[in-house]
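Everything below concerns the one structure shown next.
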């Protein structure tokens, strides 16, 4: 196929923004936003209906090829000429992103795509930017079609459309897909765990800059091409590509591909192994400068028809192909735009601290005080001493009593064998792993009910065995693993009840975590019987076998995977839930999730009623709806407990699927909600006036 599109000659911009530094350090033309108070300066808007003129940070313009004047577009500046709106719902995000008018759209909440895999069709002249670190797009992303131009996607986390198949060829669920777009800037985002790929630049998409992003937990990171034309011009700089297998990126038929100061890391000890790093394919003409390759197989490869010029790159622990050469015409990126190279040796540290969503943009004199205040709310933990604290508990201890705003405890990758307790007088605490995967950071201990206390004062009970105990309201956990690795087989003299995570608080948000154990893994409790305790868990994994989601809290398990495991002796038998709900309250809701595991068919109950202490006044409740159930689930999935009949309490299903799901008609042994009943058992019915957000 011949190239029938005539491409105008590039015109260099007369001015350029600062490049070569992270967004949080860029001084010119920016403004601090997204502080721990969640504000956007003095003119913050509470809803999408309110609007103001764009603040200074929203007028930032792109660097790289996205800054070049061409195709009738003078650089990339997004929606700066339009109104600024703040959105917290999918409906509002879609309304403004697809509008004909220019908008700066501030995403100030976690927005779940419905259906999963939905890609909003973004129109031209838009800036879509996250509010601090709170802008999350979950289960879908954005699509920029033919001719769409002047779009900025910035400071967002786009994640978790993964459908359980690693090399997924059925679900084309990308974080950002561009088909024939031009003048696009993708900057300071965290893109991970999607079904197909993270970024697709297809069908002659051009004048694209991708900068300061973190791309991780994915088979296909960043694919470029799907065309026989050789017209696209693309800049890719300061991106951390980690725990991905292929397309890192794969760059096909690109006229000018400029890659510099990127960090490609194949992390040791993970299940993901890179097949290649940067790939110049087809007739691409690539310049690759001052990038750092750690542990990759085939770090740099090219087709015989492609051209690849390498300058100043560092390879550490790599194997396989490292190629350059070709017969393409020499070119100089500085003829198109200005840029500054960082030293390749500095790239890993620079990017680990600088990529992804930032709490603020800019450190000008006018905003220095705000930036400093926001920084003071983050405490770092590293077992090797490179953080402020060596243990998570030490960081918790450092949180001021009755702190009025959020404190983030950022925990570097590693295994932390310790007990952690967040007391009731330390609300607004987030414990967050800073690694590329929730598997990178693990808090683990091995107490069980009956384990002797170290001070000789007796033994732990079930609740006291928890590795992590949360008694403070407004707690959040993100991107880490919480585990109890008590060895039941080796300690048959001790009860097998061993809790990984216990919550006894209200408004607990668990996002992107793994909670792992055997018996009694996750205890969702309340501070007392008369107090409300709401827990919302999403995009997470829970692993266990007996009563391993239990307690009296009003708890939602949403868009998560519940993994059934065998008992210590290799047998398959267990119970997913054991609610002990107070009468008049909501109990445990499992929604939009998957229940599976390597166990025998028809061996697990969905739940049984726990009347704690023999309290007949309790009214335990579990509802499982819109969830895929494996054949491990019994055909009669509810059972009695300690003399209390499940039929006297509240157990039901609705619209489940899979080999373990109920047949279409209801029965006394397997009650199904009617549509009318199900309308009152939605996620928000459980959460009430609380909308979980980062």
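Residue numbers (my numbering): -2 to 691.
For every residue, glycine included, the Cβ atom is placed at its ideal position computed from N, Cα and C.
Every value quoted in this text rests on a predicted model; they were computed, and no experiment measured them.
Under 6 Å Cβ to Cβ from residue i, same chain only, skipping five residues before and after it: list those, please.
i, result
"residue 433", "213, 239, 240"
"residue 199", "176, 223"
"residue 190", "156, 157, 159, 214"
"residue 516", "493, 494, 543"
"residue 292", "263, 314"
"residue 255", "232, 284, 330"
"residue 132", "104, 153"
"residue 44", "Caution applies to residue 44, whose pLDDT of 40 falls short of 50 and renders its modelled position unreliable; the model cannot decide the point."
"residue 34", "In this prediction, residue 34 has a pLDDT of 23, which is less than 50 and means its spatial position is unreliable; what the coordinates show is noted afterwards. Cβ neighbours of residue 34 beyond the five flanking positions: none."
Taking 6 Å as the cut-off, is the beta-carbon of residue i closer than that to any non-hydrogen atom of the ligand PLP?
i, result
"residue 128", "You won't find the ligand PLP in this model; it holds no ligand whatsoever."
If distances are taken between C-alpha atoms only, which option among the options comes closest to residue i?
i, options, result
"residue 118", "184, 334, 143", "143"
"residue 352", "80, 488, 237", "237"
"residue 415", "423, 390, 437, 401", "390"
"residue 183", "169, 204, 193, 70", "204"
"residue 216", "193, 157, 197, 152", "193"
"residue 126", "114, 102, 407, 109", "102"
"residue 258", "231, 208, 405, 413", "208"
"residue 161", "590, 181, 632, 231", "590"
"residue 136", "173, 128, 124, 100", "173"
"residue 775", "181, 210, 302, 628", "Residue numbering for the chain in the displayed model covers -2 to 691; residue 775 lies beyond these limits and cannot be assessed."
"residue 429", "509, 626, 471, 70", "509"
"residue 471", "400, 614, 63", "400"
"residue 345", "375, 312, 355", "312"
"residue 502", "631, 547, 530, 253", "530"
Buried or exposed: where does residue i fall if 16 or more other Cβ atoms within 10 Å of its Cβ makes it buried?
i, result
"residue 218", "buried"
"residue 642", "exposed"
"residue 673", "exposed"
"residue 637", "exposed"
"residue 676", "exposed"
"residue 487", "exposed"
"residue 163", "exposed"
"residue 301", "exposed"
Which of the three DSSP states is assigned to residue i in this structure?
i, result
"residue 686", "coil"
"residue 465", "strand"
"residue 737", "Any answer about residue 737 is impossible in this case: the structure gives the chain only from -2 up to 691."
"residue 216", "strand"
"residue 243", "strand"
"residue 174", "strand"
"residue 277", "strand"
"residue 693", "Here the chain has residues from -2 to 691 only, and residue 693 is not among them."
"residue 140", "strand"
"residue 350", "helix"
"residue 391", "helix"
"residue 96", "coil"
"residue 61", "helix"
"residue 563", "coil"
"residue 508", "strand"
"residue 222", "strand"
"residue 415", "coil"
Taking the straight line between their C-alpha atoms, what separation do you get for residue i and residue j?
i, j, result
"residue 282", "residue 221", "13 Å"
"residue 664", "residue 77", "59 Å"
"residue 165", "residue 116", "17 Å"
"residue 146", "residue 74", "10 Å"
"residue 319", "residue 278", "14 Å"
"residue 559", "residue 607", "20 Å"
"residue 149", "residue 562", "45 Å"
"residue 98", "residue 226", "31 Å"
"residue 169", "residue 247", "17 Å"
"residue 569", "residue 601", "8 Å"
"residue 686", "residue 506", "14 Å"
"residue 647", "residue 511", "28 Å"
"residue 645", "residue 407", "45 Å"
"residue 372", "residue 67", "Confidence is the limiting factor: at residue 372 the pLDDT is only 36, short of 50, which leaves the residue's position unreliable and the question unanswerable from this model."
"residue 689", "residue 84", "14 Å"
"residue 651", "residue 616", "20 Å"
"residue 273", "residue 294", "6 Å"
"residue 266", "residue 394", "31 Å"
"residue 243", "residue 271", "6 Å"
Any beta-carbon of chain C closer than 7 Å to the one on residue i?
i, result
"residue 129", "Reference to chain C is not applicable here, since this structure consists of a single protein chain."
If you drop the 5 nearest sequence neighbours on each side, which residues of the same chain put their C-beta closer than 7 Å to that of residue i?
i, result
"residue 111", "87"
"residue 458", "446"
"residue 442", "414, 415, 416, 464, 481"
"residue 396", "404, 423, 426"
"residue 630", "592, 601, 603, 657"
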